[in-house]
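Q: Next up is a structure, given as structure tokens.
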Amino acid sequence: MRKSTDLKIYAYGLLAKREHSVAELAQKLRIALRDWGGELESPEESAESKEEIIQDVVDNCLAQGYLSDQRFAEIFFRARMRKGYGPQRIRQELKFKQVDEELIEQVYRETEVDWCDLARQVVMKKYSGADLADIRTKAKAYRFLMQKGFFREDVEEVMRSLNQELD
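Sequential numbering from 29 applies to the sequence shown in this note's numbering.
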């Protein structure tokens with residue numbers, strides 16, 4: 029079947045560029061099938077058969093080891109940490125990408141990172157030339173770290189340590 033082969037090649041191309049979650053790949057394949065509809069589709073095909081084709085392609089990618097939610101979550105977690113995001117934000121983004129919550133928690137637990145230290149690095153980079161003794165600047169820094177997805181306790185600890193250094 030031409031559609032299945034074309035979809036498989038398309039999936040391999042997507043996975044060659046970057047990791048995807050299972051749900052993310054399936055969604056992209058649905059869009060591709062819809063966009064290709066005119067040239068590949070026969071009128072008697074139902075939505076159910078399209079979903080079967082998509083599921084077959086996804087299953088094939090999983091079986092070949094080209095697709096893995098575990099690997100996607102680990103890589104995504106590390107990439108977002110490098111960009112200065114905290115655990116709450118990263119976990120929320122993974123949920124949005126429809127990664128299983130148990131898998132998200134497992135990856136979070138296995139991540140060996142000092143979130144306070146990361147929050148401190150992020151705030152020092154952002155406010156390197158600013159006067160962190162100023163109450164308004166402190167409030168901005170606090171909000172900034174909260175928006176980045178760090179836990180309140182970690183943000184408060186970072187702000188306390190900065191206060192002690194400034195005294």
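Don't be surprised by glycine CBs; every beta carbon is placed ideally from N, CA and C.
1. If you follow the alpha helix (DSSP H) that Phe172 is part of, which residue opens it and which one closes it?
2. Please report the distance separating the alpha-carbon of Ser49 from that of Leu90.
3. Tell whether a beta-carbon distance below 8 Å holds between Ala54 and Ile82.
4. Check whether the Cβ atoms of Phe179 and Gln116 lie closer than 8 Å to each other.
5. How would you call Arg62, buried or exposed, if buried means at least 16 neighbouring beta carbons within 10 angstroms?
6. Mapping DSSP to helix, strand and coil, what is Thr33?
7. Kindly indicate the opening and closing residues of the alpha helix (DSSP H) around Asp145.
8. Roughly how many whole angstroms lie between the Cα atoms of Arg188 and Arg137?
9. In terms of alpha-carbon separation, which member of Leu122, Gln92 and Leu95 lies closest to Phe105?
10. Straight-line CA distance for Leu146 to Leu131?
11. State the Cα-Cα distance for the pair Tyr170 and Gln192, rounded to the nearest angstrom.
12. Identify the continuous alpha helix (DSSP H) that holds Phe105 and give its terminal residues.
A: Quick answer:
1. Residue 172 sits at position 144 when you count from the first residue of the sequence shown. Segment Ile163 to Gln175, the alpha helix (DSSP H) holding Phe172.
2. Translated into the one-based positions of the sequence shown, residue 49 becomes position 21. Translated into the one-based positions of the sequence shown, residue 90 becomes position 62. Distance from the CA of Ser49 to the CA of Leu90, rounded to the nearest whole angstrom, comes to 11 Å.
3. For the purposes of this step, residue 54 is taken as residue 26 along the sequence shown, with counting starting at 1. For the purposes of this step, residue 82 is taken as residue 54 along the sequence shown, with counting starting at 1. The Cβ atoms of Ala54 and Ile82 sit closer than 8 Å to each other.
4. Position 151 of the sequence shown, counting from 1, holds the residue named residue 179. Position 88 of the sequence shown, counting from 1, holds the residue named residue 116. Contact check for Phe179 against Gln116 passes: the beta carbons are separated by less than 8 Å.
5. As a first step, residue 62 must be located in the sequence shown, where it is residue number 34. The residue in question, Arg62, is exposed, as its Cβ has fewer than 16 Cβ neighbours within 10 Å.
6. Locating residue 33 in the sequence shown gives position 5, counting from the first residue. In the structure shown, Thr33 sits in a helix (DSSP, three-state: H, G or I).
7. Translated into positions along the sequence shown, residue 145 becomes position 117. Here the alpha helix (DSSP H) through Asp145 covers Trp143 to Lys154.
8. The residue given as residue 188 occupies position 160 in the sequence shown. The residue given as residue 137 occupies position 109 in the sequence shown. If I take the Cα positions, the gap works out to 26 Å.
9. For this step, residue 105 is matched to residue 77 along the sequence shown. That would be Leu122, whose Cα lies nearest to the Cα of Phe105.
10. Along the sequence shown, read from residue 1 onward, the residue named residue 146 stands at position 118. Along the sequence shown, read from residue 1 onward, the residue named residue 131 stands at position 103. Straight-line Cα distance between these residues: approximately 23 Å.
11. Walking along the sequence shown from the start, residue 170 turns up at place 142. Walking along the sequence shown from the start, residue 192 turns up at place 164. Here the C-alpha atom of Tyr170 lies approximately 16 Å from the C-alpha atom of Gln192.
12. Mapped onto the sequence shown, residue 105 falls at position 77. Asp97 to Arg110 is the span of the alpha helix (DSSP H), which, as asked, contains Phe105.
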